[in-house]
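Notes follow the structure.
Numbering (this note's numbering), first residue to last: 539 to 802.
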């Protein structure tokens, strides 16, 4: 890496302060256009370490930009990964405070919880399905810290892939993980359908997203894995939908479950 750890920490502090202070900033590559992939993830790792040092609990991992719709929307081509936190958890039927966010958007996803850890390289869909304990309906609320939600891939990696809040369904009908590519999802805002999708939008099958995450982490070296009994958000089945104070979000997963929440 060209950047030393002190400089990486400065970028991490800048980004995390933007989140904590609900303040939009210019993207990292405006200040450092030669930012590398390694440096982008190193900044994300610094943000994670800062949070843990303050007592924040890391509750799971997430993939981003895994659907063709999302890639087109953001003008990028490759998936990315980040982490989610305890303060980001919102119960099914709960409220999300707009005052704590900058310009949130919502996207419907599928969550995986494994019964045993997976570590790449070489992880495939079959290995993920064999290691899966349960799957759950989920919605991620993303909230880029960058002004006007405009960023490049390296900048959004540094910004922990725009992670902010997430909602997991309180109940779900048993659903065969192998059939997730056929799962139909409808996202409603204030009673009107605003986005629809099918599980195959996520890399052909949401389990492929978990496999890719395990392989991406495996390339980071020993000790990096997708752990058991932690939530993995596999990426948006639908495109990201902007929301405002007062909006109700309802998401229906055909033959699987549903969830809802409210912005206040």
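Even glycine gets a Cβ: it sits at the ideal position worked out from N, Cα and C.
For residue 678, does the count of other Cβ atoms within 10 angstroms reach 16, so buried, or fall short, so exposed? Its Cβ being crowded by 16 or more others within 10 Å, residue 678 is buried.
Backbone CA spacing between residue 576 and residue 710 [nearest angstrom]: 38 Å
If you compare alpha carbons, which of 659, 698, 645 is closest to residue 550? 698
Determine the direct distance from the alpha carbon of residue 657 to that of residue 763, and round the result to whole angstroms. 5 Å
Range of the contiguous beta strand (DSSP E) that encloses residue 555: Segment 543-558 is the alpha helix (DSSP H) holding residue 555; no beta strand (DSSP E) there.
Indicate whether residue 705 and residue 785 have their beta-carbon atoms separated by less than 8 Å. no
May I ask which residues mark the beginning and end of the alpha helix (DSSP H) holding residue 655? It is not in any alpha helix (DSSP H) - residue 655 carries neither H nor E in the DSSP assignment.
Examine the Cβ distances between the segment 711-719 and the segment 590-607 and report whether three or more of them are shorter than 8 Å. no
For residue 655, collect the residues of the same chain with a Cβ closer than 7 Å to its Cβ; drop the 5 residues on either side in sequence, then sort them by chain order. 763, 764, 765, 766
Note down, in chain order, each residue of its chain lying with its Cβ closer than 8 Å to the Cβ of residue 643, except the 5 sequence neighbours on either side. 679, 680, 681, 687, 778, 779, 780, 781
For residue 588, name the three-state secondary structure that DSSP assigns. helix
Using 8 Å as the cut-off, can you tell me whether the segment 634-642 makes contact with the segment 718-735, which would need three or more C-beta pairs spanning the two stretches below that distance? no
For the beta strand (DSSP E) containing residue 798, name the first residue and the last one. 795-801
Just to confirm, does residue 696 get its C-beta within under 7 Å of one of the non-hydrogen atoms of the ligand ATP? The model depicted lacks the ligand ATP and carries no ligand whatsoever.
If you measure between the beta carbons of residue 770 and residue 703, is that distance less than 8 Å? no
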